[in-house]
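Everything on this sheet refers to the single structure shown next.
Number of protein chains: 2
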Amino acid sequence: MRNDSWSLIQFPVVKDDRGNLTFIEGAQTVPFDIKRVYYLYDVPGGAHRGGHAHKDLEQVVIAASGSFDLELDDGHRQQTVTLNRSYYGLYMKNMVWRGLGNFSSGACCLVLASQHYLEADYIRDFDEFKRLVSSGKNK
Amino acid sequence: MRNDSWSLIQFPVVKDDRGNLTFIEGAQTVPFDIKRVYYLYDVPGGAHRGGHAHKDLEQVVIAASGSFDLELDDGHRQQTVTLNRSYYGLYMKNMVWRGLGNFSSGACCLVLASQHYLEADYIRDFDEFKRLVSSGKNK
Numbered sequence: 727m728r729n730d731s732w733s734l735i736q737f738p739v740v741k742d743d744r745g746n747l748t749f750i751e752g753a754q755t756v757p758f759d760i761k762r763v764y765y766l767y768d769v770p771g772g773a774h775r776g777g778h779a780h781k782d783l784e785q786v787v788i789a790a791s792g793s794f795d796l797e798l799d800d801g802h803r804q805q806t807v808t809l810n811r812s813y814y815g816l817y818m819k820n821m822v823w824r825g826l827g828n829f830s831s832g833a834c835c836l837v838l839a840s841q842h843y844l845e846a847d848y849i850r851d852f853d854e855f856k857r858l859v860s861s862g863k864n865k
Numbered sequence: 727m728r729n730d731s732w733s734l735i736q737f738p739v740v741k742d743d744r745g746n747l748t749f750i751e752g753a754q755t756v757p758f759d760i761k762r763v764y765y766l767y768d769v770p771g772g773a774h775r776g777g778h779a780h781k782d783l784e785q786v787v788i789a790a791s792g793s794f795d796l797e798l799d800d801g802h803r804q805q806t807v808t809l810n811r812s813y814y815g816l817y818m819k820n821m822v823w824r825g826l827g828n829f830s831s832g833a834c835c836l837v838l839a840s841q842h843y844l845e846a847d848y849i850r851d852f853d854e855f856k857r858l859v860s861s862g863k864n865k
């Protein structure tokens, strides 16, 4: 069992009366080159998005606006992390089952990913995820 | 004079009742590898942020939440572009003087950049920018 399937990163903030700025350098501020960026928006308040995991992909999840809960499970440890500040990012290694819930109205969930989109990298069945964790593969 | 110092990109949208998702693949959806991501938030409604240009950097600017105006000037052509949808990005080549203004309350301005931060790449003086444009350098 690994202890560090996920961790919270505090990003730099350049404070200014005209707005705050947070910058993220690929492979420096986050531990991977940023190959892909995606974001969720127009999410109805309270909405929930179902879970999946990735065989290899690493990601950082950021509440760029508003707040939401990130439900994390690496097959050994479960944790729900509330993201509600734009200068925090939740770094996830591969093989972490995650769901998103409890969105505030107007929230924007920004995700930085270590690889381009690859459908074969997704694990969408929780039982398969548990089997892969038990087998010790994809660590 | 080049005609294409900037252009609007419409990103893909995966529509869903639980929120919409837009994804951006580095060097595919945008014309450069994403080396750096930064975002402006906690911007007071109506705030304005002064201009600068970059000698080499290319960027894509996105209104991830809310709206704002992007004021663009390549030394030959001036245009103000209002960004107010999360699935549009304004691609800027190098040597474009830009300002940001007319922020809506709660707006989040997300920027993807082609290079890591380099102070020497910034042009912070408009007269120097005009001189460099006239000299034809940095095209």
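For the record, the sequence lines run as chains A and B. All residue numbers for the first sequence refer to the working numbering, where the first residue is 727 and numbers rise by one. All residue numbers for the second sequence refer to the working numbering, where the first residue is 727 and numbers rise by one. Here a beta-carbon is modelled for each residue, glycine too, at the ideal position from N, C-alpha and C. The structure presented is a predicted model; accordingly, all values stated were derived computationally and were not measured.
Distances from the CA of A/G745 to each of B/Y767, B/P738 and B/T755 were compared; the closest alpha carbon is that of B/Y767. Counting only the Cα atoms, B/S831 lies some 26 Å from B/Q804. Boundaries for A/R824: no alpha helix (DSSP H) harbours it, while the beta strand (DSSP E) harbouring it runs W823 to G827, taken from the DSSP string.
The contact set of B/T748 on chain A, defined by CB atoms closer than 7 Å, consists of Y764 and Y765 in chain order. Scanning the stretch 749-783 of chain B from its first residue to its last, no whole alpha helix (DSSP H) run of 4-plus residues comes out. Among the residues facing chain B, A/A773 is included, as its CB has a counterpart in that chain under 9 Å away.
Taking a cut-off of 8 Å for Cβ pairs, the stretch 737-755 of chain B and the stretch 809-819 of chain A do not touch, as fewer than three such pairs fall below it.
Interface criterion met: the Cβ of B/S812 is under 9 Å from a Cβ in chain A.
Residue state for B/V739 is assigned as coil, using DSSP reduced to three classes. If you draw a straight line from the Cα of A/A833 to the Cα of B/H780, it is about 31 Å long. Comparing alpha-carbon positions, the option among A/K819, A/F852, A/A753 and A/D851 lying closest to A/L734 turns out to be A/K819.
Interface annotation for the stretch 779-797 of chain B against chain A: A790 and S791, criterion Cβ-Cβ distance under 7 Å.
Setting aside the 5 residues that flank it on each side, A/D847 is surrounded in the same chain by H780, K781, D782 and L783, each with a C-beta closer than 6 Å to its C-beta; the list follows chain order. Residue contact check for A/I760 against chain B: a CB pair falls below 9 Å. Collapsing the DSSP output to three states places B/A790 in a strand. Distance from the CA atom of B/G801 to the CA atom of B/S791, rounded to whole angstroms, is 30 Å. Taking the CA atoms as reference points, A/R850 sits about 11 Å from A/G825. At a cut-off of 9 Å between beta-carbon atoms, A/F855 makes no contact with chain B. Distance from B/G827 to B/E854 at the Cβ level is roughly 22 Å; contact not present, criterion being Cβ atoms closer than 8 Å.
Taking C-beta atoms as the reference points, A/I788 and A/S840 fail to come closer than 9 Å. Secondary structure of B/D730 (DSSP, three-state): coil.
In this structure, the straight-line span from the alpha carbon of B/D795 to that of B/H774 is close to 9 Å. In this chain, A/L844 is not harboured by any alpha helix (DSSP H), its DSSP state being neither H nor E.
Under the three-state reduction of DSSP, A/D853 is assigned to helix. The CB of B/R744 comes closer than 8 Å to the CB of V769, P770, A773, H774 and R775 in chain A, given here in chain order.
Within chain A, the residues whose beta carbon sits less than 8 Å from that of B/H842 are E751, G752 and Q754, listed in sequence order.
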